[in-house]
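K.L.:
Would you mind keeping the following structure in view while I ask a few things?
Residue numbers (my numbering), protein chains in the order written: chain A, 170 to 501; chain B, 169 to 462; chain C, 2 to 253.
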């Protein structure tokens with residue numbers, strides 16, 4: 170196994186960021202920048218879900234809860250409390266962590282399908298809350314009035330160029346942190362728990378606690394995705410907490426490859442491209458997307474990146490990745 | 169809301185309203201539970217089957233004028249649809265990742281939602297009370313009890329009894345239970361598990377379609393109407409216990425009544441109470457009130 | 002070191018373990034034998050926390066660990082290997098053993114340090130070398146041969162530096178030559194690590210060749226205990242398990 174090093178990873182991250190920053194000079198169209206910003210939000214979200222699904226073997230159907238929660242928390246904090254952006258960001262992280270801790274504590278001890286469905290049920294609970302609490306959330310119209318973007322530390326998010334850089338930076342930093350996490354002992358413990366929770370407990374690991382921690386981390390990063398989307402649309406919509414967000418995230422992960430760290434990122438970009446393509450061609454978006462997903466689910470199983478990685482693995486030494494198919498939780 | 173408990177008429181109205189909600193929910197949840205108990209897959213698109221049942225019944229009634237035909241046609245139609253879905257699509261992802269199964273179901277939810285919009289339009293539709301039931305309601309203690317409600321409750325109770333009988337007393341029921349508990353062994357004993365799976369899926373779908381058809385006179389139709397009942401069905405099976413028909417009945421009635429009484433209070437109250445119940449059960453008796461260990 | 006007092010466990014009215022009292026001296030190498038269904042694996046499960054006893058005490062260096070959770074017992078120094086190798090298929094041998102070492106040092110939840118910690122890595126390498134898996138360090142655990150998987154299973158338990166190591170049928174599923182090699186490895190490990198080693202075994206040749214002392218279980222009770230010589234001559238053991246001809250056919 171190649172010796173991992175923070176230094177080298179940081180260098181790669183900086184290079185990636187530089188590349189992303191330079192891209193608008195090659196593709197000056199606004200739609201390109203918009204695409205990258207949206208993709209950033211969803212890429213962070215999908216990667217955070219893969220922490221649970223791919224690495225920890227915890228199949229959550231309701232991860233969209235944190236996307237919506239992140240978006241609404243941030244937007245409301247900015248709008249109603251008039252805090253600065255860094256403060257709102259930090260508070261959103263805190264709120265997501267807290268909610269994740271509570272929901273995680275309830276859901277994690279449950280067996281596989283119960284866990285999956287209960288997370289979804291909680292997501293729909295949040296959705297109902299958003300729709301019903303019209304006074305605060307604007308109900309099914311979404312948050313009206315826009316999200317103020319006061320300058321901070323010389324960054325003016327009203328300037329589209331600044332916003333673009335902010336999204337890219339958040340993307341790169343979030344991915345870097347998550348990558349670092351899966352490379353850490355904690356990341357390997359997650360994989361051990363995914364593969365064989367009983368054996369892990371016989372190594373002295375308190376499986377429940379680790380799983381809740383993973384749930385919290387995933388919830389936090391899911392929320393960060395929500396922050397970006399809310400900045401982008403300058404609002405927050407109930408759709409962000411609707412179950413389809415979770416379904417699409419699952420599709421992103423499978424599309425890009427669940428066994429590879431960057432799979433969800435690729436999948437997010439691909440799905441957004443697909444969405445744009447479909448909406449340009451027809452108004453029956455759900456129908457076409459449904460067919461695509463179906464064809465994919467019945468045909469391609471490993472996802473595109475996973476497919477490529479498999480070929481790569483034949484010629485290169487084993488690179489650290491989530492490994493094989495996500496296992497099942499099980500109670501012990 | 170508390171004022172309602174003091175008024176007999178309010179009590180009657182809300183209780184009957186809750187009962188029919190519960191009955192519809194029971195049919196859907198029973199189907200879901202049956203499919204899960206036997207095939208070990210969660211039919212995530214079960215709500216869409218309910219939706220199809222409603223739309224089928226709506227159309228058949230508008231074309232034929234006979235509600236009986238509508239209910240029958242819708243139930244059978246959705247049962248058939250479920251059968252085809254299971255054979256062509258779902259069976260391909262048995263034994264794979266639950267995520268794959270989720271994606272297959274999710275794709276169908278998307279497809280069906282749009283298909284419904286294309287065929288029937290995106291607006292809310294409603295059928296109104298079928299001619300056969302346009303009679304004056306029965307008055308109980310000052311509260312209103314529409315005749316249709318009695319019909320719905322009656323049909324559902326009948327179905328519940330038949331289902332219970334089928335599962336526990338008949339040879340078919342034994343075969344299904346055998347295949348559920350140990351498919352390899354059952355297959356080695358000559359039971360055609362493929363047919364059992366197809367049959368159970370069709371039956372579960374039929375129940376959902378039946379529920380949709382029965383719901384049409386009292387609910388409005390719109391694409392996507394199936395999803396919330398899916399979530400509620402799941403909560404019902406959690407409370408009642410996965411795989412238990414009796415549990416599904418108790419759970420569904422509970423939820424139905426909570427919804428009914430809650431709706432005249434703070435709207436979020438119902439969601440909160442439901443979740444409270446569910447969380448309590450999960451903490452105290454995780455297999456549900458009547459459930460057995462999965 | 003490990004003292005079992007009046008251990009009891011029943012499953013739905015059927016008693017799996019009844020009034021079992023045994024003592025395992027520190028640093029001993031003991032075989033636990035007995036017919037199928039004698040309760041040997043249940044016995045192990047009770048000691049390492051997979052099962053809760055209905056009664057009795059399990060004293061590890063004087064501390065009663067009966068009823069504690071598996072992770073808690075593991076942390077007190079009891080390691081366990083399984084009859085069917087229980088490993089982490091998607092991790093390489095090195096990663097899995099590193100994971101076990103990290104767990105032992107309670108570093109398994111660390112976010113900060115990168116995976117090959119300067120302390121953990123040499124320890125993991127040492128364990129790999131002890132069991133002879135160094136050549137397979139980068140092989141995915143799931144791709145190992147059956148025998149190597151059993152060895153890995155033991156290595157995972159070893160990484161915890163246990164004071165007591167329980168091996169459940171370490172040679173299960175192996176041919177005669179492989180068995181001897183496995184037991185040789187086990188004996189060498191035992192000598193080097195000076196731990197209390199208890200193993201369940203069905204192959205009597207192996208048992209009499211490698212065990213220091215033997216405990217015989219039958220129908221959930223202790224039938225006999227002693228040195229190999231004592232046990233092979235024990236009339237009740239012969240009657241219940243070995244068969245009268247064994248001693249004649251297998252001279253010591």
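Idealized CB from N, CA, C, for every residue including glycine. Source: prediction; values computed, not measured.
1) So what does DSSP say about residue 498 of chain A, is it helix, strand or coil?
2) By DSSP, does residue 178 of chain C sit in helix, in strand, or in coil?
3) Can you find a C-beta in chain A that's less than 8 Å from the C-beta of residue 268 of chain B?
4) Could you list which residues in chain A have their beta carbon closer than 7 Å to that of residue 100 of chain C, in chain order?
5) According to DSSP, what are the bridge partners of residue 197 of chain C?
6) Just how far apart, CA to CA, sit residue 335 of chain A and residue 400 of chain A?
7) Contact defined as beta carbons within less than 8 Å: I believe residue 370 of chain B pairs with residue 359 of chain B. What is the distance between those atoms, to the nearest angstrom?
8) Can you say whether residue 364 of chain A is buried or exposed, counting buried as having 16 or more other CB atoms within 10 angstroms of its CB?
9) Against chain C, does residue 371 of chain A count as a neighbour if the rule is that its beta carbon must be under 8 Å from one of theirs?
10) First and last residue of the beta strand (DSSP E) that includes residue 19 of chain C?
11) I'd like to check one pair, residue 225 of chain B with residue 238 of chain B: are the Cβ atoms closer than 8 Å?
12) Out of B/444, B/367, B/416 and B/262, which has the shortest C-alpha to C-alpha gap to residue 194 of chain B?
13) Let's see if you can read the secondary structure: which residues bound the beta strand (DSSP E) around residue 6 of chain C?
14) In whole angstroms, what separates the C-alpha of residue 368 of chain B from that of residue 204 of chain B?
15) Please name the residue in B/423, B/206 and B/271 whose C-alpha comes closest to that of residue 361 of chain B.
16) Quick one: is residue 366 of chain A buried, meaning 16 or more other Cβ sit within 10 Å of its Cβ, or exposed?
17) I believe residue 155 of chain C touches residue 171 of chain C by the beta-carbon criterion, under 8 Å. Please report the beta-carbon distance rounded to the nearest angstrom.
18) Give a yes or no on whether 8 Å exceeds the smallest Cβ distance from residue 343 of chain A to chain C.
19) Applying a beta-carbon distance threshold of less than 7 Å, which residues of chain A neighbour residue 283 of chain B?
20) What residues in its chain sit with their C-beta under 8 Å from that of residue 372 of chain A, if we drop five residues either side in the sequence?
21) For the putative contact between residue 91 of chain C and residue 141 of chain C, defined by C-beta atoms under 8 Å, what is the C-beta separation to the nearest angstrom?
22) With H, G and I counted as helix, E and B as strand and the rest as coil, what does DSSP make of residue 79 of chain C?
23) Given this structure, state the Cα-to-Cα distance separating residue 175 of chain B from residue 313 of chain B, to the nearest angstrom.
24) From this set, B/385, B/336, B/377 and B/458, which residue's C-alpha is nearest residue 299 of chain B's C-alpha?
25) With distances taken between CB atoms, is the gap from residue 268 of chain B to residue 466 of chain A smaller than 8 Å?
26) State the Cα-Cα distance for the pair residue 418 of chain B and residue 338 of chain A, rounded to the nearest angstrom.
27) Tell me whether residue 205 of chain C sits in a helix, a strand or coil according to DSSP, three-state version.
28) With residue 236 of chain A and residue 430 of chain A assumed to form a contact (beta carbons below 8 Å), what rounded beta-carbon distance in angstroms separates them?
29) Strictly under 8 Å for the Cβ-Cβ distance: is residue 423 of chain A near chain B by that measure?
30) Any beta-carbon of chain B closer than 8 Å to the one on residue 226 of chain A?
31) Between residue 223 of chain B and chain A, is there a C-beta pair that is closer than 8 Å?
32) List the residues that DSSP assigns as beta-bridge partners of residue 168 of chain B.
33) What are the residues that DSSP puts in a beta bridge with residue 417 of chain A?
34) Taking beta-carbon pairs under 8 Å, can you tell me which members of the segment 403 to 420 of chain B lie near chain A?
35) Answer with buried or exposed for residue 324 of chain B, where buried requires no fewer than 16 other C-beta atoms within 10 angstroms of its C-beta.
36) Compare the C-beta of residue 419 of chain A against all C-beta atoms of chain B and say whether one is closer than 8 Å.
P.N.:
This is what the structure gives:
1) With a pLDDT of only 35 at residue 498 of chain A, under the threshold of 50, the placement of this residue in the model should not be trusted; the figure read from the coordinates follows. Residue 498 of chain A sits in coil when the DSSP states are folded into three classes, being neither helix nor strand.
2) The answer is helix: DSSP assigns residue 178 of chain C an H, G or I state.
3) Residue 268 of chain B counts as touching chain A.
4) Contact of residue 100 of chain C with chain A by beta-carbon distance below 7 Å involves 357, 358 and 361.
5) Residue pairing by DSSP puts residue 197 of chain C in a beta bridge opposite C/165.
6) Straight across, the Cα-Cα distance linking residue 335 of chain A with residue 400 of chain A is about 10 Å.
7) Cβ atoms of residue 370 of chain B and residue 359 of chain B stay farther apart than 8 Å, at about 17 Å.
8) Residue 364 of chain A comes out buried.
9) With 8 Å as the cut-off, residue 371 of chain A counts as an interface residue toward chain C.
10) For residue 19 of chain C, the uninterrupted beta strand (DSSP E) segment begins and ends at 15 to 25.
11) A Cβ-Cβ contact shorter than 8 Å links residue 238 of chain B with residue 225 of chain B.
12) Ranking the options by Cα distance to residue 194 of chain B, first place goes to B/416.
13) Annotation for residue 6 of chain C: the continuous beta strand (DSSP E) segment containing it runs 3 to 12.
14) About 10 Å.
15) Per the Cα distances, B/206.
16) Classification of residue 366 of chain A: buried, given that the 10 Å Cβ count is 16 or more.
17) Beta-carbon to beta-carbon, residue 155 of chain C and residue 171 of chain C are separated by about 7 Å, close enough to satisfy the 8 Å threshold.
18) No, no contact with chain C.
19) Below the 7 Å Cβ cutoff, chain A contributes 456 as neighbours of residue 283 of chain B, in chain order.
20) Only 361 meet the Cβ criterion.
21) Residue 91 of chain C to residue 141 of chain C, Cβ: 7 Å. Contact.
22) Strand.
23) Rounded to the nearest whole angstrom, the C-alpha separation of residue 175 of chain B and residue 313 of chain B is 15 Å.
24) The shortest C-alpha to C-alpha distance from residue 299 of chain B to any of B/385, B/336, B/377 and B/458 is the one to B/385.
25) At a Cβ-Cβ threshold of 8 Å, residue 268 of chain B and residue 466 of chain A count as neighbours.
26) Take the alpha-carbon of residue 418 of chain B and the one of residue 338 of chain A: they are about 53 Å apart.
27) Looking at residue 205 of chain C - three-state DSSP - the assignment turns out to be helix.
28) The pair is not a contact, with the Cβ atoms about 20 Å apart (cut-off 8 Å).
29) Yes - at least one Cβ of chain B is within 8 Å of the one on residue 423 of chain A.
30) Output row for residue 226 of chain A: interface = no.
31) The beta carbon of residue 223 of chain B sits no closer than 8 Å to any beta carbon of chain A.
32) Outside the displayed range of chain B (169 to 462) lies residue 168 of chain B, so it cannot be described from this structure.
33) For residue 417 of chain A, which the question treats as bridged, DSSP gives no partner whatsoever.
34) Answer set for the segment 403 to 420 of chain B: 403 and 406.
35) Taking a 10 Å sphere around the C-beta of residue 324 of chain B, we find 16 or more other C-beta atoms and assign the residue as buried.
36) Contact of residue 419 of chain A with chain B is assigned, a C-beta pair being separated by under 8 Å.
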